[in-house]
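Throughout, this note's numbering is defined as the position within the sequence shown, counted from one, plus 15.
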Amino acid sequence: MKTYLIIPAMILALASCQKPAEMKTTDATNQEVFGKMPDGREVKIFTLTNKNGLTARVTEYGAILVSMETPDKAGKTADITHGYDTLEGWLTNTSYLGSTVGRFGNRIKDGKFALDGKVYTLATNNKPGGIPCHLHGGLKGFDKVLWSGKPFGDNGVEFTYVSKDGEEGYPGNLTVKTTYTLNDDNELKWETTATTDAPTIVNIVHHSYWNLSGDPTTSINDHELTLNAPHFLPTDTGLIPTGEIAPVAGTPMDFTNPMIIGERVDADFEALKFGGGYDHCWVLEKGEGVRLAARIKDPESGRVMEVSTDQPAIQFYGGNFLDGSFAGKGGVKYAKRSALCLETEGFPDAPNKPAFPSCVLRPGETYKHVMIHKFSAE
Ligand code: GLA
């Protein structure tokens, strides 16, 4: 009896001796060391898989979705997100690839807003049309900080970040929790909650870049998009909403029926000129709770992604600013319109537009944002 126990113990001991010192370890929750922050702090990456062969990888840096592998209609699996192979790559990311963006995703006019009679000034870190504005949380938003990750539920990860009062100019200590879960119905759920100890503004947004073909050298102009959105928000040349909520009917912004993106992207239409293509906020069909917002299909691979949310709006960004200037996964230089983002959200510049749904969060309230990506192939 004793001999039987000794032999496996010896094998285990031998195996651990042979393991190179720098080898990454995976424990039962599929977490590994992804790399180190410039200040030496360790950054973890977690792998979630399901019974249908889907794999999602998420990291503590920026609460980023690093990769999402799904099968096409022939069962061939590929990563359908833009990103980097290593943490070092992600540390240089200025395009919010896969990131959890905050405290306020999207744009705020002139980087200023008033709350309870006090004016707050934020960084103006973006300049579309030559007009400075605040974008995606500022110079060092939630996409560029180290969150703290741990396993969550049956097949998920929970990331926590505490954004200090005054960080990037925003008032109030904000405690943020973002979870990713992958289920056997092929749903990747991103959910964020936040609480504050002083009145503040919140609009936390998931910012993955998708190319459902699995080949990041191709254009998403071939993808077919449906948006459950009868209206969109026209902007000025600085991509700040004018305040108008315009019907999409009869315009190239109408995706209420499935449309190939490339068919109208270069149409002679003011909003498309200002955005350099599609880069706008659509107002979703009103409804209760989590509901279908968008459906995207790559006709060739047959991959389909459906996006559901509890938010009032969605930004469809067609990757117009990608310009091949940096190399991502596998050294691929991501070209213009080689990926698209579907960012469920509150309305851009809501803090300066009293008629828009409020993005103010007060002590005692909980901000909540659910975004479900459901993958299939047909
Ligand atoms: C958002 C904006 C775009 C662009 C990207 C990041 O989705 O709508 O204009 O700034 O982020 O490059």
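We put the beta carbon where it would ideally sit given N, CA and C, even for glycine.
Check	Outcome
E360: CB within 7 angstroms of a non-hydrogen atom of the ligand GLA	no
N413 Cβ short of 7 angstroms to the ligand GLA heavy atom set	In this structure the chain extends from 16 to 393, so residue 413 is not present and cannot be described.
Any heavy atom of the ligand GLA within less than 7 angstroms of residue CB: hits in chain order	S110, Y111, N121, N141, P143, L150, H151, H222, L254, D294, Q330, Y332, F336, C356 and E358
Chain-order list of residues whose beta-carbon lies under 7 angstroms from that of G68 (same chain, five-residue window excluded)	P86 and T92
Nearest candidate by alpha-carbon position, reference I255, set N141, T271 and D269	N141
Distance between A89 and E233 (C-alpha atoms, nearest Å)	Sequence check: residue 233 is Thr here, not Glu. Spanning the two alpha carbons is a distance of roughly 19 angstroms.
Beta-carbon proximity list for K383, same chain, < 6 angstroms, skipping 5 on both sides	T208
Paired residues, beta bridge with L80 - DSSP	V73
Opening and closing residue of the alpha helix (DSSP H) in which W162 lies	Looking at the DSSP string, W162 is not in any alpha helix (DSSP H), and its letter there is neither H nor E.
Endpoints, the alpha helix (DSSP H) within which L287 is located	E285 to G290
Minimum length 3: unbroken beta strand (DSSP E) runs contained in the segment 75–130	79–86, 92–94, 114–116, 122–124 and 127–130
Distance CB(A78)-CB(F174) smaller than 8 angstroms	yes
Pairwise C-alpha distance: E47 and N335	34 angstroms
At least 3 beta-carbon pairs within less than 8 angstroms: the segment 266–276 vs the segment 132–146	no
Short Cβ contact (8 angstroms threshold) for E75 with G164	yes
C-alpha gap between R122 and S391, whole angstroms	32 angstroms
Rounded C-alpha distance that separates F341 from D131	42 angstroms
C-beta atoms of E285 and L307 nearer than 8 angstroms	no
Other residues of its chain near I311: CB distance less than 6 angstroms, five sequence neighbours each side excluded	H238, L240 and M320
Top-ranked residue by Cα proximity to A261, from V58, P249 and G253	P249
Candidates K204, T62, C148 and F49: closest to T115 by CA position	K204
C-beta atoms of S353 and N226 nearer than 8 angstroms	yes
Expected contact under 8 angstroms - CB spacing of L102 and V58 to nearest Å	6 angstroms
Per DSSP, cross-strand counterpart(s) of K296	Reading off the sequence shown, one finds Cys at residue 296, where the question assumed Lys. Note: C296 sits in a beta bridge opposite Q330.
Integer-rounded CB distance, given that H221 should sit under 8 angstroms from E358	7 angstroms
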